[in-house]
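Engineer: Counting the sequence shown from 1 gives a position; this note's numbering is that position plus 10.
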Amino acid sequence: MSALPRIPIPREAKIWVAGHNGMVGGAIVRKLREIGCDNLVLRSSKELDLTDQRATFDFLQSEKPEYAFIAAAKVGGIWANSQAPAEFGWINLAIATNAIHGAHLAGVRKLLYLGSSCIYPRLAPQPIRESDLLTGALEPTNEAYAVAKIAGLRLCAWYRRQYGDDFIAAMPTNLFGPGDNFHPEKSHVLPALIRKFHEAKLSGAPEVIVWGSGRPLREFHYVDDLADGLVWLMEHYSGEEHRNIGTGEEVSIAQLAKMVAETVGYSGRIVFDPSKPDGTPRKLMDCSKIHAEGWHHRIGLREGLEKTYAWFLEQKESGLRGW
Ligand code: GDP
Numbered sequence: 011m012s013a014l015p016r017i018p019i020p021r022e023a024k025i026w027v028a029g030h031n032g033m034v035g036g037a038i039v040r041k042l043r044e045i046g047c048d049n050l051v052l053r054s055s056k057e058l059d060l061t062d063q064r065a066t067f068d069f070l071q072s073e074k075p076e077y078a079f080i081a082a083a084k085v086g087g088i089w090a091n092s093q094a095p096a097e098f099g100w101i102n103l104a105i106a107t108n109a110i111h112g113a114h115l116a117g118v119r120k121l122l123y124l125g126s127s128c129i130y131p132r133l134a135p136q137p138i139r140e141s142d143l144l145t146g147a148l149e150p151t152n153e154a155y156a157v158a159k160i161a162g163l164r165l166c167a168w169y170r171r172q173y174g175d176d177f178i179a180a181m182p183t184n185l186f187g188p189g190d191n192f193h194p195e196k197s198h199v200l201p202a203l204i205r206k207f208h209e210a211k212l213s214g215a216p217e218v219i220v221w222g223s224g225r226p227l228r229e230f231h232y233v234d235d236l237a238d239g240l241v242w243l244m245e246h247y248s249g250e251e252h253r254n255i256g257t258g259e260e261v262s263i264a265q266l267a268k269m270v271a272e273t274v275g276y277s278g279r280i281v282f283d284p285s286k287p288d289g290t291p292r293k294l295m296d297c298s299k300i301h302a303e304g305w306h307h308r309i310g311l312r313e314g315l316e317k318t319y320a321w322f323l324e325q326k327e328s329g330l331r332g333w
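#1: How should R21 be labelled, buried or exposed, when 16 other C-beta atoms within 10 angstroms of its C-beta is the threshold for buried?
#2: Can you list, in chain order, the stretches of the beta strand (DSSP E) that have 3 or more residues and sit fully within the region 221-292?
#3: On a Cα-Cα basis, can you pick out the residue from A134, M33, H306, I255 that is closest to A81?
#4: Are the CB atoms of A109 and A237 nearer to each other than 7 Å?
#5: On the criterion of 16 or more Cβ atoms from any shown chain inside 10 Å, does T145 qualify as buried, or is it exposed?
#6: So is the beta-carbon of K159 under 6 Å away from any non-hydrogen atom of the ligand GDP?
#7: Is V3 buried or exposed, if buried means 16 or more other CB atoms sit within 10 Å of its CB?
#8: Roughly how many angstroms lie between the CA atoms of P194 and A202, to the nearest whole one?
#9: With a 10 Å radius around its C-beta and 16 neighbouring C-beta atoms as the bar for buried, classify K56 as buried or exposed.
#10: Output needed for Y276: all residues of its chain with C-beta closer than 6 Å, excluding positions within five of it in sequence on either side, in chain order.
#11: In whole angstroms, give me the CA-to-CA distance for S127 and L42.
#12: Starting from N184, trace the beta strand (DSSP E) both ways and give me its first and last residue.
#13: Helix, strand or coil: how does DSSP classify E76 here?
#14: Could you tell me if the beta carbon of A210 falls within a distance shorter than 6 Å of some heavy atom in the ligand GDP?
#15: With F282 and G187 assumed to form a contact (beta carbons below 8 Å), what rounded beta-carbon distance in angstroms separates them?
#16: Any beta-carbon of chain B closer than 7 Å to the one on I45?
#17: With DSSP as the reference, label D48 as helix, strand or coil.
#18: I'd like to know if the region 47-55 and the region 93-104 are in contact, where contact means that at least 3 CB-CB pairs between them fall below 8 Å.
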């Protein structure tokens, strides 16, 4: 496979970023502005309810964006997902069908829909390839979210097949960066550890407790680097199959904890708490297709951690966030 040719997004093109207040949507907006695309159409969920089909279709008909990034979704951790499967299911299905069919009716030139690596089969072989989608049973705790997201991904392929619409889909891995959730219990491991180590440094605590054995392996991708890849896909990739997009590199939770301690400047002990669950032993995406096609991540874990810690400190100072 050789590198794909670039078909640039015209800098004056009207671009809709759905979900611009979320971590991924926010990073897409920053990336588009950085490359000179300023004609952005942005609506908060209060201004435009994407589960409302009429409102979504009317919005698309009147704005007629040429490009669309669909980064809007109802997201939540394992607990929220297992408590409210009906909500996670219907809201994400409605967003997918309304945004994708509305974009088709409005003649959107190119659309990119965001999936998530947690929608692959629970026991997918590692690293997970694009072709592993829909080959096995899903993780039961987030089945509703996964089924809805899979529907969105497949809709893009079906609109291409039936109508020739240039709709594509991308599958990110575990993301972190500005806009992340740093809640002590409800967040994912990377922001949780930044917060724990930061607070331990301030209080002079002799040790920090890290959940589980420290052995599970995870891939982490800095969200602004993901946004670079998504714009790259928009300018280079057209095809029915979605694309995995990540770093293709993994670290153990123990290695991550050490890196976070170094970034934060914490020199106390790191103690593992094996009474807490490890979760899946390994979660890594195979990024060989997008690599062969010409995109590679540029911001690695250490640099991303530094940027994220700087952002975390800014938020703390400005006191704008509840955490
Ligand atoms: P996962 O990737 O879906 O398993 O989600 P998480 O990011 O929540 O957890 C990843 C791994 O980090 C698991 O093995 C957790 O036990 C471990 N971990 C260690 N300390 C923490 C913590 O403070 N918060 C979270 N969420 N996970 C932690």
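For glycine and all other residues, C-beta sits at the position ideal for the given N, C-alpha and C.
As the structure is a computational prediction, the values presented were derived from the model and not from experiment.
Structural biologist: Taking the coordinates as given:
#1: exposed
#2: 230-232, 253-255, 279-283
#3: M33
#4: no
#5: exposed
#6: no
#7: With the chain represented from 11 up to 333, any question about residue 3 goes unanswered, as that position is not in the structure.
#8: 6 Å
#9: exposed
#10: F207, A210, K211
#11: 24 Å
#12: 184-186
#13: coil
#14: no
#15: With 8 Å as the limit, F282 and G187 do not qualify as a contact, their Cβ atoms being about 26 Å apart.
#16: You won't find chain B in this structure, because it holds only one protein chain.
#17: coil
#18: no
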